[in-house]
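Peer 1:
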């Protein structure tokens, strides 16, 4: 027990601890990994970067999802399927525009028609699967959904675009499935959080909050899907061990290991 009048003093040997110092880095950040070695996390980062660089050109892509969601609010499963089926051509065109922004292509009118046709063919069965079994819809889109960017970026015909989609998906099925699932999960969770935030802070109705969230976040799906095709196309003819070795190899501009 320490009684009144007692005082505590630090020993003379106790000295103040020096403030820790951390190494500072200067200069530009190391360049991003090339598409053939890009991870899912880096795919998301490049998608957000592309969205920021092309914000005003990409923002209208979200209107397709926003309008479809507004129409399907309050409907049963059959009604939501009908809305997705009706929106399939618009989703295909939005995906094609996302591929234009991601790949820098200048497609001709025929290319737009090919993208519209092949995209609609793929999105129609996905529309039936999505409300019932989302995982099956993701698998279908991972295997054949890349037909749209294949038609736009590589100027392929309908059959060739579908075959190319299957080819690039088989080149790295894990990246194809993981990338698409991550983009959809990112969209869904961020949309949910943003919708609640808008409704709470801005005193908006639920419909308005969902519409704004869909409009702002929807382009991530189309831009990310197009970049995912670029990743997969670059992996055709490579092996997983080879990609891992290339990913771990030092890159120009990277800081030296200490």
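Numbering (the numbering used here), first residue to last: 27 to 284.
Beta carbons: idealized from backbone N, C-alpha and C, even for Gly.
(1) Consult DSSP for residue 40 and reduce its assignment to one of helix, strand or coil.
(2) Please return the same chain residues whose Cβ sits closer than 6 Å to the Cβ of residue 156, not counting the five positions on each side in sequence.
(3) Since residue 8 is in the alpha helix (DSSP H), which residue starts that stretch and which ends it?
(4) Under 7 Å Cβ to Cβ from residue 115, same chain only, skipping five residues before and after it: list those, please.
(5) Please confirm if the region 205-214 is in contact with the region 243-256, defined as three or more CB-CB distances below 8 Å between the two stretches.
(6) Taking the alpha carbon of residue 167 as the point to measure from, which residue in 252, 263 and 65 has its own alpha carbon closest?
(7) Got a sec? Which residues, its chain only, sit under 7 Å from residue 107 by beta carbon, not counting five neighbours each side?
(8) Residue 70 to residue 224, Cα distance in whole Å?
(9) For residue 123, does the count of other Cβ atoms within 10 angstroms reach 16, so buried, or fall short, so exposed?
(10) Going by CA-CA distance only, name the one from 275, 139 and 77 that's closest to residue 182.
(11) My output table needs one value for residue 99: the three-state DSSP class, helix, strand or coil.
(12) What's the call for residue 222, buried or exposed, on a 16-neighbour Cβ count within 10 Å?
(13) If you drop the 5 nearest sequence neighbours on each side, which residues of the same chain put their C-beta closer than 7 Å to that of residue 170?
(14) Assuming residue 8 and residue 88 are in contact, meaning their beta carbons sit under 8 Å apart, how far apart are those beta carbons, in whole angstroms?
(15) Whose C-beta lies closer than 7 Å to the C-beta of residue 240 among residues of the same chain, with five residues either side of it excluded?
(16) Using a Cβ-Cβ cut-off of 6 Å (strictly less than) and excluding sequence neighbours within five positions of residue 66, which residues of its own chain qualify?
(17) Under the three-state reduction of DSSP, which class applies to residue 273: helix, strand or coil?
(18) Whole angstroms are fine: how far does the CA of residue 238 sit from the CA of residue 63?
(19) To the nearest whole angstrom, what separates the beta carbons of residue 261 and residue 269, a pair I think is in contact under 8 Å?
(20) Would you mind listing the alpha helix (DSSP H) stretches within the region 129-200 that are 4+ residues and don't spill past its ends, in chain order?
(21) How long is the line joining the alpha carbons of residue 125 and residue 131, rounded to whole angstroms?
(22) Straight-line CA distance for residue 101 to residue 236?
(23) To the nearest angstrom, report how far apart residue 127 and residue 136 are at their CA atoms.
(24) Tell whether a beta-carbon distance below 8 Å holds between residue 72 and residue 58.
Peer 2: In short:
(1) With a pLDDT of 48 at residue 40, under the threshold of 50, the modelled position of that residue is not reliable, and the figure given next carries that caveat. Residue 40 carries a coil assignment under DSSP once its states are collapsed to helix, strand and coil.
(2) Counting only Cβ-Cβ distances below 6 Å, and skipping sequence neighbours, we find 163.
(3) The structure shown does not extend to residue 8, since the chain is modelled only from 27 through 284, so no value can be given for it.
(4) The residues are 142 and 146.
(5) Because the criterion of three Cβ pairs below 8 Å is met, the region 205-214 and the region 243-256 touch.
(6) Here the closest residue by C-alpha is 252.
(7) Taken in chain order, the residues that qualify are 153, 154 and 157.
(8) Residue 70 and residue 224 have their C-alpha atoms roughly 24 Å apart.
(9) Residue 123 counts as buried, since no fewer than 16 other beta carbons sit within 10 angstroms of its beta carbon.
(10) The residue from 275, 139 and 77 with its alpha-carbon nearest to that of residue 182 is 139.
(11) Of the three classes helix, strand and coil, the one that applies to residue 99 here is coil, per DSSP.
(12) Under this definition residue 222 is an exposed residue.
(13) So the qualifying residues of the chain are 148, 188, 191 and 192.
(14) Coverage of the chain is limited to positions 27 through 284, which leaves residue 8 absent and any answer about it impossible.
(15) Result list for residue 240: 88, 91, 92, 95 and 217, in chain order.
(16) 204, 205 and 208, listed in sequence order.
(17) The answer is helix: DSSP assigns residue 273 an H, G or I state.
(18) Looking at the backbone, the Cα of residue 63 and that of residue 238 are separated by about 34 Å.
(19) Between residue 261 and residue 269, the beta carbon gap of about 7 Å places them in contact (Cβ cut-off 8 Å).
(20) Entirely contained in the region 129-200, the alpha helix (DSSP H) runs reaching 4 residues are, in chain order, 135-155, 160-170, 173-179 and 184-197.
(21) Looking at the two C-alpha atoms, the distance is approximately 8 Å.
(22) Roughly 15 Å separates the two Cα atoms.
(23) About 18 Å.
(24) Their beta carbons are under 8 Å apart, which means residue 72 touches residue 58 by this criterion.
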